[in-house]
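Peer 1:
Protein chains: 2
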Amino acid sequence: MYDVAIIGSGVAGLSAALTLKQLNKNFIWFGSKKLSYKISNVEKVTNYPGLISVTGKEMQEVFLRQIREANIEITEKQVTGVYQMTGSYSILCGQEMFEAKSVIVCLGVESVKPIKGELEYLGSGVSYCATCDGMIYKNKEMTVFSSSKEFEEEIEFLSEIASKINFVPLYKDAKTDFRNTEVISGMPTEIKREGKKMYLVFKDKEIESDVIFMLKSAVSPAVLVPGIEVDNGHIKVDRACKTNMEGLFAAGDCTGRPYQYTKAVGEGNIAAHSAVSYLASLK
Amino acid sequence: MYDVAIIGSGVAGLSAALTLKQLNKNFIWFGSKKLSYKISNVEKVTNYPGLISVTGKEMQEVFLRQIREANIEITEKQVTGVYQMTGSYSILCGQEMFEAKSVIVCLGVESVKPIKGELEYLGSGVSYCATCDGMIYKNKEMTVFSSSKEFEEEIEFLSEIASKINFVPLYKDAKTDFRNTEVISGMPTEIKREGKKMYLVFKDKEIESDVIFMLKSAVSPAVLVPGIEVDNGHIKVDRACKTNMEGLFAAGDCTGRPYQYTKAVGEGNIAAHSAVSYLASLK
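In order, the protein sequence lines correspond to chains U and P. Residue numbering for the first sequence follows our numbering, starting at 1 and increasing by one per position. Residue numbering for the second sequence follows our numbering, starting at 284 and increasing by one per position.
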């Protein structure tokens, strides 16, 4: 069992990881080995103390070097659920289960709110994770909604196993030349199900398929962590980054504005210290 | 009148200044042109995101370069009082007065608590600021208590104008060869006054002089900002770094643990954003 699980590899997660490493805790860090896709696309950051007028790419490079030199590993798995047990947490990644005494969630902020029916059918016709659930729908027709360029590798993967892809990109300059792929334009408003078929509903059309992948940069906290208290889309925390669930902390954009790197690293640091205090209280 | 006054040049103040500059606000920043004496003495920082295993000196150099390149000025004056007026704040530096619509206090954390009588006689026989009040006591006998090496330049200045200095250093390897200076060892417990004479009281002796300078790295928030709500020595703030006084924000070690650079820069950023929201609400 891990002392702490950090979920999310934005700068809040990074800050928490550096502090837990320094405090010699046994932790697992879920996220992308590239850290955050968002950072690398930022043009210029001028108000981060210590990094003088850097591009997002330069910032990302420094951060990657820092975790390499600190010997910190990122576990590249998509967390699909965090469940409170007695005195610990179970973290589900597709079919795999991990256990930790405490959790720090750094989910970032949702740019795309769930549409009608999305949460209702999540796990039964709707999936957030291409690599987790893709193989279940091998040789079937898939509808893939994506909010960001970062998912194109996953869509590539799906296109290799699907009989057909209906691709709904919600961003500019999307790659569209995947195998067996039809590009659908427009913003979906609802997800419906009839028998075994799923329908992504637009103003002027309905797209039928066997599964709908909703690939989004951030997942709604309430979906990922059943029982967590949310206020206006943000996780409710106090000054120590404590949530309403004992031993579960939150940091970064998911706790609210300002959406700033400096604020996020500060909270990652606070959450790590709070987790360590919590661990000490268990003894 | 300034939009914002930042008081304190530790990393929380730095972070607030960088963000206010980016947001194009008209602000004044009080502190030391060297930023923080404390930082330069830190051996190694390994958990600050973006600066890989730096010494305090290296960190300080980066920060100094950053404010130089951002064209940010530090006003090297010691703030001796912050007073809430109607819709603005008056900031007193010795005899000089500044005005700002809002204030961010980044006072650091007090390592030395006030002793008995200290606050009572502050301004009438006790002073926190050698450069502000030194000349008032020219050719008189001065007792100078100092908590840190950083004040040796100020003591040098006092020794040039005093008839005699009774020097009470509370740190190791103190410079002691000032002009007309007697070194007193021990920890004072009380300050008394009899007529025009001040007495610094020790367990085994009382040192008589015309004035007592208490030179300490951080000043008690309640002394500097009359009316501010303090909890266990820390300024009480909410998640937006708001204090109980409208338009007055606090950030960094003065708001409580963890005493970490990463936490402090996060709060400096938050406080700057909160000040900007407050300014917008005034319109």
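Backbone N, C-alpha and C define an ideal beta-carbon position, used for all residues, glycine too.
Using DSSP's beta-bridge definition, name the partner residues of Y372(P).
Peer 2: Per DSSP, Q367(P) and A383(P).
Peer 1: Run the CB neighbour count on L282(U), radius 10 Å, all protein chains shown included, and call it buried at 16 or more, exposed below.
Peer 2: Exposed.
Peer 1: Which residues in chain U sit within 7 angstroms of N354(P), going by Cβ to Cβ distance?
Peer 2: Chain U residues near N354(P): none, gap ~11 angstroms exceeds 7 angstroms.
Peer 1: Please check the pair A547(P) and A558(P), which I expect to be a contact at CB under 8 angstroms, by giving their CB distance rounded to whole angstroms.
Peer 2: Not quite, the Cβ-Cβ distance comes to about 16 angstroms (not below 8 angstroms), so this is no contact.
Peer 1: Look up K346(U) in the DSSP assignment and say whether it is helix, strand or coil.
Peer 2: With chain U represented from 1 up to 283, any question about residue 346(U) goes unanswered, as that position is not in the structure.
Peer 1: Tell me whether S32(U) sits in a helix, a strand or coil according to DSSP, three-state version.
Peer 2: Residue state, collapsed to three classes: strand.
Peer 1: In three-state terms, what does DSSP make of S159(U)?
Peer 2: Helix, per DSSP.
Peer 1: Measure the alpha-carbon distance for R462(P) versus M497(P) and round it to whole angstroms.
Peer 2: Taking the straight line joining both Cα atoms gives about 19 angstroms.
Peer 1: Quick check on H517(P) - is its C-beta less than 8 angstroms from some C-beta in chain U?
Peer 2: So no, H517(P) is outside the interface.
Peer 1: Using a Cβ distance threshold of 8 angstroms, determine whether the region 218–234 of chain U contacts the region 514–523 of chain P, with at least three qualifying pairs required.
Peer 2: Contact fails: fewer than three Cβ-Cβ distances are below 8 angstroms.
Peer 1: Going along chain U in order, which residues have a C-beta closer than 7 angstroms to the C-beta of V386(P)?
Peer 2: Simply none; closest approach about 19 angstroms.
Peer 1: If the criterion is Cβ atoms closer than 8 angstroms, does the pair M418(P) and I387(P) meet it?
Peer 2: Contact: no.
Peer 1: What are the boundary residues of the alpha helix (DSSP H) that Y544(P) is part of?
Peer 2: Y544 to L565 is the extent of the alpha helix (DSSP H) around Y544(P).
Peer 1: Could you pull out every unbroken alpha helix (DSSP H) segment of at least 4 residues lying fully inside the region 442–466 of chain P, listed in chain order?
Peer 2: Complete alpha helix (DSSP H) runs here, min 4: none at all.
Peer 1: Comparing the C-beta of Y48(U) with each C-beta of chain P, is any distance below 8 angstroms?
Peer 2: Output row for Y48(U): interface = yes.
Peer 1: Residues of chain U with CB closer than 7 angstroms to the CB of T302(P), please, in chain order.
Peer 2: Residues of chain U passing the Cβ test: N47.
Peer 1: Using 10 angstroms around the beta-carbon of D204(U), count the other beta-carbons present and answer buried if the total reaches 16, otherwise exposed.
Peer 2: When all chains shown are included, D204(U) counts as exposed.
Peer 1: Below 8 angstroms, can you find three or more Cβ-Cβ pairs linking the region 101–120 of chain U to the region 206–221 of chain U?
Peer 2: Contact between the region 101–120 of chain U and the region 206–221 of chain U is present, because at least three Cβ pairs lie under 8 angstroms.
Peer 1: Would you call the region 66–79 of chain U in contact with the region 50–57 of chain U, where contact means no fewer than 3 C-beta pairs closer than 8 angstroms?
Peer 2: Not touching, per the Cβ criterion.
Peer 1: Between the C-alpha atoms of S323(P) and I448(P), what's the straight-line distance to the nearest angstrom?
Peer 2: C-alpha separation (whole angstroms): 28 angstroms.
Peer 1: Quick test of your reading: I28(U) and T75(U), contact by CB under 8 angstroms. State the CB separation rounded to the nearest angstrom.
Peer 2: Yes, they are in contact, since the Cβ atoms of I28(U) and T75(U) sit about 6 angstroms apart, within 8 angstroms.
Peer 1: Going by C-alpha to C-alpha distance, which of S15(U), S209(U) and T46(U) sits closest to N307(P)?
Peer 2: The shortest C-alpha separation from N307(P) is found at T46(U).
Peer 1: Could you give the distance in angstroms between the alpha-carbon of K140(U) and the alpha-carbon of C537(P)?
Peer 2: For K140(U) and C537(P), the distance between alpha carbons rounds to 60 angstroms.
Peer 1: With a threshold of 8 angstroms between beta carbons, is Q66(U) in contact with chain P?
Peer 2: Yes, contact with chain P.
Peer 1: What residue range is occupied by the uninterrupted alpha helix (DSSP H) comprising D416(P)?
Peer 2: Looking at the DSSP string, the run of the alpha helix (DSSP H) that includes D416(P) is A413 to D416.
Peer 1: What span of residues does the beta strand (DSSP E) with I7(U) cover, start to end?
Peer 2: It spans Y2 to I7 - the beta strand (DSSP E) in which I7(U) sits, taken as one unbroken run.
Peer 1: Given 7 angstroms as the limit, tell me if T464(P) has its C-beta closer than that to any heavy atom belonging to the ligand ATP.
Peer 2: The ligand ATP is absent from the structure shown, which contains no ligands of any kind.
Peer 1: Along chain U, which residues have their Cβ under 9 angstroms away from the Cβ of I335(P)?
Peer 2: V62, R65, Q66, E69 and A70, listed in chain order.
Peer 1: Please state if the CB of V223(U) and the CB of L119(U) are separated by a distance shorter than 8 angstroms.
Peer 2: It is a contact, given that the beta carbons lie within the stated cut-off.
Peer 1: Terminal residues of the continuous beta strand (DSSP E) containing Y482(P)?
Peer 2: Run containing Y482(P): K480 to V484, per the beta strand (DSSP E) assignment.
Peer 1: For A271(U), I'd like the list of residues in its chain whose CB is within less than 6 angstroms of its CB, leaving aside the five on either flank, ordered along the chain.
Peer 2: Hits under 6 angstroms: A16, I104, C241, F249 and A251.
Peer 1: Where does G247(U) land, buried or exposed, given buried means 16+ other C-beta within 10 angstroms?
Peer 2: Its Cβ being crowded by 16 or more others within 10 Å, G247(U) is buried.
Peer 1: Going along the region 524–545 of chain P in order, which residues come within less than 7 angstroms of chain U, judged by CB to CB distance?
Peer 2: So the close ones are P541, Q543 and T545.
Peer 1: By DSSP, does L402(P) sit in helix, in strand, or in coil?
Peer 2: Helix at L402(P).
Peer 1: Under the DSSP definition of a beta bridge, which residues are partnered with V427(P)?
Peer 2: In DSSP, V427(P) forms a bridge with F450(P) and F496(P).
Peer 1: Along the chain, where does the beta strand (DSSP E) that runs through K519(P) open and close?
Peer 2: Note, K519(P): premise wrong, no beta strand (DSSP E); not H, not E.
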